[in-house]
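K.L.:
Note that this note's numbering has the sequence shown beginning at 1, numbered continuously upward. Would you mind keeping the following structure in view while I ask a few things?
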Amino acid sequence: MSNNPTGSTTAFTGARVIVGDGSTVIDNAAITVRDGIITSITRTPGGAAEQVQGGGSSPQTVISFEGKTIMPAIVNPHGHIGYMRGTVCDPRCYSRRNVIDHLRRFVYHGTSTFQSLGTDWNRIEVGVRDDQRSGVLDDPNLATLFTAGSGLVAAPEPGLASGAPFFAVDAVHQVADPADARAFVRSLAVQQVDVVKFWIDDRGGTATKLSPETCRAIVDEAHHHGLRAAAHIYTVDDAKIALRAGADILAHMPRSPEPDPELIEQLVDRDIAVFTSMSVQGPARTDWLDDPLLHETLPLAAIEDLRARLTARAPEPLFDTGETYRRLQQNFATLHQAGVRLVFSPDTGVFAQLPGIAEHRELEALVDAGLSPLSAVEFATRRSAQLLGLTDRGAIDVGRRADLLVLDADPRDDITNTRSIAAVIIEGRVVDRDQLRQQLQADSDD
Ligand SMILES: [Zn+2]
Numbered sequence: 001m002s003n004n005p006t007g008s009t010t011a012f013t014g015a016r017v018i019v020g021d022g023s024t025v026i027d028n029a030a031i032t033v034r035d036g037i038i039t040s041i042t043r044t045p046g047g048a049a050e051q052v053q054g055g056g057s058s059p060q061t062v063i064s065f066e067g068k069t070i071m072p073a074i075v076n077p078h079g080h081i082g083y084m085r086g087t088v089c090d091p092r093c094y095s096r097r098n099v100i101d102h103l104r105r106f107v108y109h110g111t112s113t114f115q116s117l118g119t120d121w122n123r124i125e126v127g128v129r130d131d132q133r134s135g136v137l138d139d140p141n142l143a144t145l146f147t148a149g150s151g152l153v154a155a156p157e158p159g160l161a162s163g164a165p166f167f168a169v170d171a172v173h174q175v176a177d178p179a180d181a182r183a184f185v186r187s188l189a190v191q192q193v194d195v196v197k198f199w200i201d202d203r204g205g206t207a208t209k210l211s212p213e214t215c216r217a218i219v220d221e222a223h224h225h226g227l228r229a230a231a232h233i234y235t236v237d238d239a240k241i242a243l244r245a246g247a248d249i250l251a252h253m254p255r256s257p258e259p260d261p262e263l264i265e266q267l268v269d270r271d272i273a274v275f276t277s278m279s280v281q282g283p284a285r286t287d288w289l290d291d292p293l294l295h296e297t298l299p300l301a302a303i304e305d306l307r308a309r310l311t312a313r314a315p316e317p318l319f320d321t322g323e324t325y326r327r328l329q330q331n332f333a334t335l336h337q338a339g340v341r342l343v344f345s346p347d348t349g350v351f352a353q354l355p356g357i358a359e360h361r362e363l364e365a366l367v368d369a370g371l372s373p374l375s376a377v378e379f380a381t382r383r384s385a386q387l388l389g390l391t392d393r394g395a396i397d398v399g400r401r402a403d404l405l406v407l408d409a410d411p412r413d414d415i416t417n418t419r420s421i422a423a424v425i426i427e428g429r430v431v432d433r434d435q436l437r438q439q440l441q442a443d444s445d446d
């Protein structure tokens with residue numbers, strides 16, 4: 001799928017380029033793009049605005065980004081699309097239209113690709129994804145959607161609640177027994193979901209938790225169909241249940257008690273992907289609500305409503321006092337130093353994780369937890385693309401898509417500079433963010 005099939009080339013010149021590999025930065029670079037794909041990265045010859053002759057007779061457009069910093073567009077492998085409206089996450093807001101609104105918000109804020117993890121309702125997400133893949137939904141201003149379809153939770157026993165996430169109780173499948181789990185995973189395989197999601201969580205003793213036997217049935221059936229299985233867990237004990245069942249991905253870091261050597265060894269040996277999911281659990285700060293970026297697309301009343309809820313410590317933080325968050329940061333450092341494959345995870349679309357904004361907050365959380373800004377960018381780009389099996393994006397590299405986030409300031413100086421967005425480029429095309437902003441504002445108002 002190409003937005004620019006004319007054979008013409010575009011050169012983006014003069015910017016500092018953060019490649020996305022965790023270390024390489026090229027000053028005064030020229031990125032040449034043909035048919036949406038990067039064909040060369042060189043130092044800008046003879047000044048930023050100079051016309052560069054491409055090979056052969058193809059015309060070339062030169063766009064100067066002198067003084068800017070370019071990083072790869074963000075790839076987000078963990079969130080829940082379609083539930084948030086303004087700043088409120090509510091199952092009554094879920095619709096195809098809202099799913100598409102969120103895909104648009106991602107592109108506006110510099111995220112090219114998004115995976116929704118287990119809260120598809122009535123196959124709406126699978127439908128949007130299929131329409132993107134077939135070209136029926138041919139809107140270049142939408143992020144590419146991946147989806148787990150509907151995930152699996154335990155059917156509640158009498159007197160207990162569902163272990164489903166609060167906003168998606170009706171969207172997930174309540175599993176009766178291992179045979180039912182296998183049958184449901186088979187139905188997901190028919191939909192060609194991108195991953196299988198299941199929840200191992202008794203919600204502090206209030207909900208029924210999947211049995212180890214059922215977890216094994218879910219993962220085994222997923223693997224049988226060539227699908228990976230991602231387990232929601234919060235505790236070390238539940239992480240071990242997930243690993244014994246054969247899960248490939250943990251959707252959160254185990255946060256209580258501390259991860260022990262046995263668990264860490266298994267995570268490393270089996271190359272389990274562990275999602276960071278830090279900003280979603282962060283202390284209820286409100287300073288980020290003043291960022292002008294939020295005010296570009298969200299009504300002031302919605303932002304102030306969220307500020308009031310955060311100040312009142314609601315939506316009830318799963319979470320977290322400063323002290324427990326510091327423990328989470330320590331766990332992050334422990335797992336990272338041990339060589340566990342940690343993966344960028346904004347958990348977008350729930351609590352205060354606003355679509356498009358949450359991605360930037362997770363970058364900040366990773367730096368607060370000790371990563372260098374260049375490593376954090378690598379987490380949010382090349383590493384997360386790799387998790388999704390995508391080698392066509394996620395880094396500024398010859399042969400990959402020109403999905404670029406152009407910034408007014410360098411995130412190496414301050415990671416929150418990823419919010420100072422000068423331009424977003426998807427497949428080599430500069431997104432018309434003014435037009436997109438008007439569309440997002442209009443959608444917020446009705
Ligand atoms: Zn989640």
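Glycine residues also receive a C-beta, built at the ideal position from the N, C-alpha and C atoms. All figures in this text were calculated on a predicted structure; none of them were measured in a lab.
Should LEU160 be counted as a contact of ligand 1 given a C-beta to heavy atom distance under 6 Å?
P.N.:
no
K.L.:
Pick out whichever of HIS232, ASP248, GLU265 and ASP269 has its Cα sitting closest to the Cα of PRO254.
P.N.:
HIS232
K.L.:
Got a sec, what are the start and stop residues for the beta strand (DSSP E) THR13 sits in?
P.N.:
9-18
K.L.:
If you measure from the CB of ASP194, is any heavy atom of ligand 1 nearer than 6 Å?
P.N.:
Checking every heavy atom of ligand 1 against the Cβ of ASP194, none is found closer than 6 Å.
K.L.:
Can you check the stretch 151-233 for any beta strand (DSSP E) of at least 3 residues that lies completely inside it and give the ranges in chain order?
P.N.:
152-154, 173-175, 196-199 and 229-232
K.L.:
If I'm right that VAL172 touches VAL153 with Cβ under 8 Å, what's the distance once you round it to whole angstroms?
P.N.:
5 Å
K.L.:
Taking the beta strand (DSSP E) that PHE146 falls in, what are its first and last residues?
P.N.:
144-147
K.L.:
Using alpha carbons as the reference points, say which of SER444, ASP443, ALA442 and ASP432 lies closest to TYR108.
P.N.:
ASP432
K.L.:
Mind the definition here: the stretch 228-243 touches the stretch 189-209 only if three or more C-beta pairs lie below 8 Å; say whether that holds.
P.N.:
yes
K.L.:
Buried or exposed: where does ASP403 fall if 16 or more other Cβ atoms within 10 Å of its Cβ makes it buried?
P.N.:
Answer is buried; the Cβ neighbour count reaches 16.
K.L.:
Is it buried or exposed, GLY67, if we count other Cβ atoms within 10 angstroms and call 16 or more buried?
P.N.:
exposed
K.L.:
For GLN115, does the three-state DSSP call read helix, strand or coil?
P.N.:
strand
K.L.:
Under 6 Å, CB to any heavy atom of ligand 1. Which residues pass, going along the chain?
P.N.:
Listed along the chain, these residues meet the criterion: HIS78, HIS80, LEU117, ALA251 and ASP347.
K.L.:
Among the candidates ALA308, ILE272 and GLN266, whose CA atom is the shortest distance from the CA of ARG285?
P.N.:
Of the candidates ALA308, ILE272 and GLN266, the one whose C-alpha sits nearest the C-alpha of ARG285 is ALA308.
K.L.:
When DSSP labels each residue in this structure, what does ARG429 get in the three-state scheme?
P.N.:
strand
K.L.:
Quick check on DSSP: helix, strand or coil for VAL268?
P.N.:
helix
K.L.:
Can you tell me whether HIS224 is buried or exposed? The criterion is at least 16 other CB atoms within 10 Å of its CB, across all chains shown.
P.N.:
Classification for HIS224: exposed.
K.L.:
Around the Cβ of HIS295, are there at least 16 other Cβ atoms within 10 angstroms (buried) or fewer (exposed)?
P.N.:
exposed
K.L.:
Please report the straight-line C-alpha distance between PHE332 and SER375, rounded to a whole angstrom.
P.N.:
14 Å
K.L.:
Between the C-alpha atoms of ARG228 and ALA181, what's the straight-line distance to the nearest angstrom?
P.N.:
15 Å
K.L.:
Can you tell me whether PHE275 is helix, strand or coil according to DSSP?
P.N.:
strand
K.L.:
Considering only their Cβ atoms, is the gap separating ALA358 from PRO452 smaller than 7 Å?
P.N.:
Since the first and last residues shown for the chain are 1 and 446, residue 452 lies out of range.
K.L.:
Classify GLN132 as buried or exposed, calling it buried when 16 or more other Cβ atoms lie within 10 Å of its own Cβ.
P.N.:
buried
K.L.:
Looking at the secondary structure, which residues open and close the alpha helix (DSSP H) in which PRO346 lies?
P.N.:
Element bounds for PRO346: n/a, residue is neither H nor E.
K.L.:
Confirm the yes/no value for this check: CB of ALA229, any heavy atom of ligand 3, distance under 6 Å.
P.N.:
The model on display carries ligand 1 but not ligand 3.
K.L.:
Please determine, among VAL185, THR144, ASP202 and PHE114, the residue with the shortest C-alpha to C-alpha distance to PRO156.
P.N.:
ASP202
K.L.:
Does the stretch 79-90 touch the stretch 117-131, meaning 3 or more C-beta pairs lie closer than 8 Å?
P.N.:
yes
K.L.:
To the nearest angstrom, how far is the alpha carbon of THR416 from that of GLN438?
P.N.:
24 Å
K.L.:
Helix, strand or coil for LEU405? Go by DSSP, reduced to three states.
P.N.:
strand
K.L.:
Between HIS336 and GLN329, what straight-line distance do the alpha-carbon atoms span, to the nearest angstrom?
P.N.:
Approximately 10 Å, taken between the alpha carbons.
K.L.:
Quick one: grab the DSSP three-state call for LEU250.
P.N.:
strand
K.L.:
Please say whether ARG104 and ASN76 have beta carbons closer to each other than 7 Å?
P.N.:
Not closer than 7 Å, so no.
K.L.:
Find the nearest neighbour of THR502 within the set ASP397, VAL406, ARG412 and SER444, judged by alpha-carbon distance.
P.N.:
In the structure displayed, the chain extends from 1 to 446; residue 502 sits before or after that span and is not available.
K.L.:
Would you please verify whether the beta carbon of ARG383 is less than 7 Å from any beta carbon of chain E?
P.N.:
Protein chain content of the structure displayed is limited to a single chain, and chain E is not contained in it.
K.L.:
Exposed or buried, which one is SER256 when buried takes at least 16 other CB atoms within 10 Å?
P.N.:
Exposed is the call here.
K.L.:
Per DSSP, what kind of secondary structure is ILE100 in: helix, strand or coil?
P.N.:
helix
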